[in-house]
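What follows is a set of notes on a single structure, which appears directly below.
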Amino acid sequence: MGNGLAPCFAPRSHSGTVKLVFWGSGGASESLLPPRDRPLLAGELMFEFPDRVLCRADAFYVGRPFPILSFDDALLPGHTYFVLPLDRLRPPSAVVTVASLASLSPAGLPVEFAGAQCRPFEYVRGHDGRMAIKVVPEFIARVITAGGQEGSDRRHETAAAATPLCSTPELQKHYAQLVGLARERPWSPQLETIKEVTNSTIFSKNQTNRKYFFRQKTR
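Position one of the sequence shown corresponds to residue 4 (our numbering), numbered consecutively onward.
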C-alpha cells in the first residue's frame with residue numbers, strides 16, 4: 004500500500020488507475036490497475052473485505068444517502084473510492100450529515116470541521132440543475148484516516164454545530180434545510196384500507212355458507 008495523503012488530493016490524478024483510501028489506516032491508500040479485458044467491479048473488493056463497503060469519493064452530498072456502490076458497479080479509472088466499515092453507515096447514519104461524517108472518525112476521535120486545511124463543504128450544481136452541498140473529498144479522507152484533533156471531549160455534533168461549517172449564510176441555510184428534510188422524512192409503507200369485520204358479519208357469512216352447502220347436498 005502507498006502511504007500519505009496529499010493535503011488536497013485530486014481524485015483524478017492518475018487517469019489509468021483506481022485509488023482506494025482505507026478507513027482507519029492512518030493515511031494508507033492503494034492504486035489498482037483494472038484489467039484490460041473487463042471492468043474492475045466493486046464486488047471483487049467487497050469479497051476481499053466483507054465488512055466494508057466502497058463509496059465514490061466525489062459523490063458525498065449533504066442530505067443524501069451515502070454513495071455506497073453495489074456489487075456490480077464498475078470502479079472507474081481515474082477516480083478515488085473510500086473503503087468504509089459497513090456498521091458505520093447503518094441508519095440513522097445512512098444519510099450524509101455533520102453527525103454521520105463525524106461518526107466515521109476512527110476510535111471516536113473528535114472531528115474539527117472549522118479551521119481545516121480544506122473546506123468541508125462547497126456549493127455545486129447537480130445534474131438536475133439544483134444546487135447541492137458537496138462534501139470535499141480530501142476532508143472526508145482526513146476524517147476516515149484518523150485526521151481528527153485529539154484532546155477534546157466535546158460531542159461531535161455539538162462541536163460541529165458551534166463552528167462555522169459553511170462559508171456563506173446562504174450555504175448555512177441550505178445545509179440546515181437539507182439536513183432537516185433528511186431527518187423529517189420518515190419511511191412509511193403504503194397500506195391499503197382495512198375494513199372492520201365484526202362477529203355478526205362473520206356469523207352472517209357462516210350462515211350463508213351453511214345454507215348454500217345444504218342446498219347443494221339436497222339436490
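Glycine included, C-beta positions come from ideal geometry on N, C-alpha and C. Owing to the predicted nature of the structure, the values given are computational and were not obtained by experimental measurement.
Margin query: Alpha carbons only, please: which of 20, 64, 44 and 35 is nearest the one belonging to residue 135?
Written below: Checked all of 20, 64, 44 and 35; the closest Cα to residue 135 is 64.
Checklist line | Inter-residue Cα distance where the pair is residue 245 and residue 59 | finding: Outside the shown range of the chain, which is 4 to 222, sits residue 245, and nothing can be said about it.
Checklist line | Contact belief for residue 140 with residue 61 at Cβ below 8 Å, rounded distance in angstroms | finding: Sure, about 5 Å apart at Cβ, within 8 Å.
Notebook entry, point to check: Considering only C-alpha positions, which residue in the set 48, 87 and 67 is nearest to residue 74?
Noted result: Of the candidates 48, 87 and 67, the one whose C-alpha sits nearest the C-alpha of residue 74 is 48.
Margin query: Would residue 78 and residue 57 be called neighbours here (beta carbons separated by less than 9 Å)?
Written below: A contact, by the Cβ cut-off of 9 Å.
Margin query: Check this for me: beta carbons of residue 109 and residue 27, under 9 Å apart or not?
Written below: Their beta carbons are under 9 Å apart, which means residue 109 touches residue 27 by this criterion.
Next item on the list: Identify which residue in 83, 81, 68 and 24 has its Cα closest to the Cα of residue 97.
Entry: Comparing Cα-Cα distances from residue 97 to each of 83, 81, 68 and 24, the minimum goes to 68.
Next item on the list: For residue 146, collect the residues of the same chain with a Cβ closer than 8 Å to its Cβ; drop the 5 residues on either side in sequence, then sort them by chain order.
Entry: Sequence-distant Cβ neighbours of residue 146 in its own chain, meaning closer than 8 Å and more than five residues away, are 104, 105, 107, 108 and 114.
Item checked: Buried/exposed call for residue 142, threshold 16 Cβ in 10 Å -> Of the residues assessed, residue 142 falls on the buried side of the cut-off, its CB having 16 or more other CB atoms within 10 angstroms.
Check: Hey, how far is the Cα of residue 54 from the Cα of residue 128?
Finding: So the two alpha carbons sit approximately 33 Å from each other.
Next item on the list: For residue 60, name the three-state secondary structure that DSSP assigns.
Entry: In the three-state DSSP reduction, residue 60 falls in the coil class, being neither helix nor strand.
Check: Who are residue 134's beta bridge partners in DSSP?
Finding: Bridge partners of residue 134: 128.
Note to self: For the beta strand (DSSP E) containing residue 101, name the first residue and the last one.
What the structure shows: Annotation for residue 101: no beta strand (DSSP E) segment contains it, though the alpha helix (DSSP H) segment containing it runs 101 to 105.
Notebook entry, point to check: When the Cα atoms are used, what is the spatial distance from residue 144 to residue 24?
Noted result: The alpha-carbon atoms of residue 144 and residue 24 are separated by roughly 7 Å.
Next item on the list: Indicate whether residue 50 and residue 86 have their beta-carbon atoms separated by less than 9 Å.
Entry: Going by C-beta atoms, residue 50 is not nearer than 9 Å to residue 86.
Next item on the list: Could you please give me the residues that DSSP links to residue 83 through a beta bridge?
Entry: Beta bridge pairing from DSSP links residue 83 with 22.
Notebook entry, point to check: Quick one: Cα of residue 20 to Cα of residue 38, how far?
Noted result: When rounded, the separation of the alpha-carbon atoms in residue 20 and residue 38 is 10 Å.
Notebook entry, point to check: Skipping 5 residues on each side, what residues in its chain have a beta carbon closer than 8 Å to that of residue 42?
Noted result: Once the five neighbours on either side are set aside, the close Cβ partners of residue 42 are 77 and 78.
Notebook entry, point to check: If residue 66 sits next to residue 99, beta carbons under 8 Å apart, how far is it from one beta carbon to the other, in whole angstroms?
Noted result: Going by Cβ atoms, the distance from residue 66 to residue 99 rounds to 7 Å, so yes, they are a contact pair.
Item checked: residue 55, DSSP secondary structure in three states -> Per DSSP, reduced to three states, the secondary structure at residue 55 is strand.
Next item on the list: Figure out for me which residue from 138, 111 and 70 has the closest Cα to the Cα of residue 101.
Entry: It is 138.
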